[in-house]
Amino acid sequence: MYLNSMFPNPAPFPASNAHNFFFKRPDQTAWPNFTVHIDLGTLNKDGLPRRLMYDDYLRNIDDLSTGLSAPVKQGGLGLQGWDEGVGVGDVNQEGGKEIIGIMGENSSEYITVIHACLRSTIPFAPISPYSTPFELTHALTLSKATRLFVDEKLLSSVLPVAEKVGLKLDYIHILKPNGTKSNLRNQTRISLSGIIETVRKRSIKTVPIQPATGRTLAYLVFSSGTSGLPKAVMISHGNLIYAMAQALTLFEATVQVYTPPAPPSPDGLPVTLAILPLHHSYGLHAYSFRCTFVPNTLLILPKWNADVALDAISRYKVSALTMIPSLIHQLVNHPNIDKADLGSVSSIMCGAAYLPPNLAKKLMKHTSAEVNLTEGYGMSEATIGAMVQPLDGMLDGRLRRIEGSTGVLLPGMEARLLKDEEAVPPSSTLPSSDIDCNVNEEGYLWLRSENISIGYWNNPKANSETFVGGWLRTGDRFRVDENGNFWFADRAKDTLKVSGSQVSPVEIENCLLSHPEGIIIDATVAGVSGGRTNDEKIPRAWVVLSATGKDQKKGWGKEKVIKELDRWHKANLSKYKWLRGGIEVVDEIPKSPTGKVLRRVLQEQYESRAKNSKSWFKGLKAKL
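Under the UniProt record's numbering, the residues of the sequence shown are numbered 1 to 624, in order.
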């Protein structure tokens with residue numbers, strides 16, 4: 001099945017530096033000097049969160065860009081921007097091409113580095129501040145970062161790894177100091193604020209915005225790594241501009257059918273709570289890029305904290321939330337959720353992972369009726385997004401929002417659903433029609449558009465497997481109804497084959513979570529050993545009890561819940577989908593910082609226990 005987006009194609013923008021799109025558009029000349037950032041992680045001299053005005057923000061970006069690029073003899077770092085080349089090339093620490101790693105919690109400084117790098121055409125690579133030494137070693141080695149901006153409080157864990165991989169310690173700079181003043185013993189280490197201060201003290205002439213083409217590398221972002229080590233996805237300036245043009249086209253279609261309520265903030269501007277990590281594509285785009293469409297205030301939370309988030313929403317009259325299912329799960333089950341005031345929220349966007357309909361309903365109970373809850377589907381390899389849930393009435397009434405649907409293709413997107421993607425020749429430019437799915441038939445999703453990544457960094461094998469004939473193999477399975485709405489089935493790698501039939505873990509999870517008594521609040525399903533053959537996996541569930549499920553006075557408890565869920569799912573699912581691997585109660589489902597369930601962690605724990613149990617039993621039989 002071939003599908004093309006129902007939206008108009010994005011308006012063409014000239015190939016240039018993405019910085020021009022973000023800050024040099026004609027409409028921005030009339031913008032006021034508003035509060036662009038409120039950084040909850042940095043206090044001013046009065047003990048209040050630091051505020052940054054828009055004009056000062058622009059000046060910081062220009063001056064940091066100048067400090068990065070200006071010659072060393074003038075007081076700059078003399079870093080070299082990139083041309084059209086996207087290969088590894090001559091990346092090195094001796095004057096070749098530069099790549100700047102960024103490792104820190106969410107902050108105004110973090111976003112400033114991002115835009116200074118874009119302006120200078122120096123690619124950046126966001127690195128998780130939660131990286132273990134092993135993960136950091138992989139990130140630095142893979143990205144070939146030549147410089148690193150890092151929060152001061154992370155230095156002690158970063159320096160040994162940097163030395164191990166050969167990154168010069170003098171090329172590690174301070175992104176954000178501890179507190180209002182640096183606590184570094186070695187005050188000679190270059191910092192972001194120090195670079196900007198040098199530019200201003202020496203009156204270094206502002207370096208021009210560097211030219212870029214559609215294939216000039218903008219940044220590297222690491223894939224989630226839920227199955228194996230993360231890969232570095234290359235996003236070009238052209239990818240970035242096209243993704244923003246898609247969002248603008250969608251915005252124009254939205255305002256034709258929906259007028260958001262006036263923000264209740266003191267200055268009348270929207271306030272977005274920045275709670276997702278900036279090292280992930282979702283947070284990176286939401287807080288660094290899409291927030292440049294209209295004047296709005298970014299309320300920056302260094303890292304996720306449910307207590308702080310609930311207080312901040314009320315205190316600062318937050319109007320927009322960008323969420324992932326795991327954070328929504330924490331909010332709706334927070335002990336203070338009934339006391340929280342979410343009345344100012346008018347827009348909620350949820351992405352990065354599948355949002356169960358019952359979880360969405362729980363959230364909506366605590367918001368006003370006018371809230372616009374939107375879901376979407378995307379991946380780093382598609383720059384940010386590929387699908388979105390439309391609003392009722394879009395495109396002259398042709399579109400409507402359907403609960404549970406992933407949505408429709410974004411402007412400018414093409415898609416194919418294939419029965420058997422392994423049958424596609426590597427050189428194929430368009431999969432043959434004989435393997436296309438029919439309406440409402442589940443298949444493998446392939447995507448094509450100008451927002452599709454230019455490839456994986458220095459990984460030809462992964463490139464040949466993922467980017468085929470101009471198409472992106474997503475690794476996800478969907479079905480499409482007769483109206484062009486997509487319905488998520490499962491990750492292809494997570495789908496199980498039991499007795500020759502495909503079993504979707506998501507379908508079983510939804511069944512368990514839909515129990516009318518609300519005895520569990522989270523669940524995941526994955527394949528474990530125990531099938532009829534050595535390579536066949538059978539479904540096993542891990543569940544988290546709700547307060548009701550734990551309440552023995554009401555007749556529940558661990559054993560009763562397991563027994564009831566066993567009865568419930570067998571009554572609602574075909575026999576080949578039954579949980580032959582059993583049901584296990586756990587305290588929490590392990591998830592990545594971006595909300596993706598780490599099924600492999602639970603699978604490995606189970607298999608390890610099963611292996612030890614078999615060894616013990618064999619030993620017992622030998623003794624007997």
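Glycine is no exception: its CB is placed at the ideal position from the N, C-alpha and C atoms.
Q: Determine the extent of the alpha helix (DSSP H) in which residue 4 is found, giving its start and end residues.
A: In this chain, residue 4 is not harboured by any alpha helix (DSSP H); it is covered by the beta strand (DSSP E) spanning 2-4.
Q | Host beta strand (DSSP E) of residue 377 (start-end) | A | 372-377
Q) Should the stretch 304-319 be regarded as contacting the stretch 330-337, the criterion being three or more beta carbon pairs within less than 8 Å? A) yes
Q: Figure out for me which residue from 386, 458, 403, 255 has the closest Cα to the Cα of residue 355.
A: Checked all of 386, 458, 403, 255; the closest Cα to residue 355 is 403.
Q.
Could you tell me the alpha carbon to alpha carbon distance between residue 484 and residue 191, rounded to whole angstroms?
A. In a straight line, the C-alpha of residue 484 is about 51 Å away from that of residue 191.
Q: Please report the residue range of the alpha helix (DSSP H) in which residue 381 lies.
A: No alpha helix (DSSP H) holds residue 381; DSSP gives it neither H nor E.
Q) If you run the structure through DSSP and keep just helix, strand and coil, what is residue 52? A) Residue state, collapsed to three classes: strand.
Q) Looking only at its own chain, which residues have a Cβ that is under 7 Å from the Cβ of residue 73, when we skip the five neighbours before and after it? A) none
Q | Span separating the alpha-carbon of residue 297 from that of residue 560 | A | 49 Å
Q | Same chain, Cβ closer than 8 Å to residue 171, five either side skipped, listed in chain order | A | 93, 146, 147, 148
(Q) Does the structure place the stretch 283-299 close enough to the stretch 128-143 that three or more beta carbon pairs sit under 8 Å? (A) By the C-beta criterion, the stretch 128-143 is judged not to be in contact with the stretch 283-299, since fewer than 3 inter-stretch pairs fall below 8 Å.
Q) When burial is assigned at 16 or more other CB atoms within 10 Å of the CB, is residue 504 buried or exposed? A) Classification of residue 504: buried, given that the 10 Å Cβ count is 16 or more.
Q) In its own chain, which residues sit with a C-beta less than 8 Å from the C-beta of residue 40, not counting the 5 before and 5 after it? A) 49, 299, 300, 301, 302, 308, 312
Q | Bridge-paired residues (DSSP) for residue 348 | A | Note: residue 348 sits in a beta bridge opposite 321, 373.
Q. What are the start and end residues of the alpha helix (DSSP H) that includes residue 192?
A. 192-201
Q | Local conformation of residue 98 per DSSP, three classes | A | coil
Q. Nearest CA to the CA of residue 213: which residue from 153, 119, 284?
A. 119
Q | Whole-number beta carbon distance between residue 446 and residue 416, since they are thought to touch under 8 Å | A | 4 Å
Q: Put residue 303 into one of helix, strand or coil per three-state DSSP.
A: coil
Q) At which residues does the beta strand (DSSP E) containing residue 486 begin and terminate? A) 486-491
Q) Under three-state DSSP, which class holds residue 580? A) coil
Q: Would you please state the rounded distance, in angstroms, between the beta carbons of residue 114 and residue 175? I believe it to be under 8 Å.
A: The Cβ separation is near 11 Å, so there is no contact.
Q.
Between which two residues does the beta strand (DSSP E) holding residue 35 run?
A. 35-43
Q. Looking only at DSSP bridge pairs, what is residue 124 linked to?
A. 100, 219
Q | Contacting residues, own chain, Cβ-Cβ under 7 Å from residue 362 (five flanking each side not counted) | A | 332
Q: Counting only the same chain and skipping the five closest in sequence on each side, list residues whose C-beta sits under 8 Å from that of residue 99.
A: 91, 122, 123, 124, 125, 143, 144, 145, 146, 147, 220, listed in sequence order.
Q: Spatial neighbours of residue 253 within its chain, please: CB distance less than 7 Å, with the 5 preceding and 5 following residues excluded, ordered by chain position.
A: 7, 394, 395
Q. When DSSP labels each residue in this structure, what does residue 112 get in the three-state scheme?
A. helix
(Q) Bridge partners for residue 232 per DSSP, in chain order? (A) 222
(Q) Please tell me whether residue 509 and residue 238 are closer than 8 Å, where the distance is taken between their beta carbons. (A) no
Q. Does the pairing of the stretch 244-259 with the stretch 199-215 give three or more beta-carbon distances under 8 Å?
A. no
Q.
Can you give me the C-alpha to C-alpha distance between residue 456 and residue 522, rounded to a whole angstrom?
A. Looking at the two C-alpha atoms, the distance is approximately 34 Å.
Q: Please determine if the stretch 568-581 and the stretch 544-560 are in contact, where contact requires at least 3 C-beta pairs separated by less than 8 Å.
A: no
Q.
For residue 316 and residue 471, I'd like the C-alpha separation in whole angstroms.
A. 44 Å
Q) When you compare only the Cα positions, how much space is there between residue 465 and residue 420? A) 15 Å
Q: Check whether the Cβ atoms of residue 63 and residue 199 lie closer than 8 Å to each other.
A: yes
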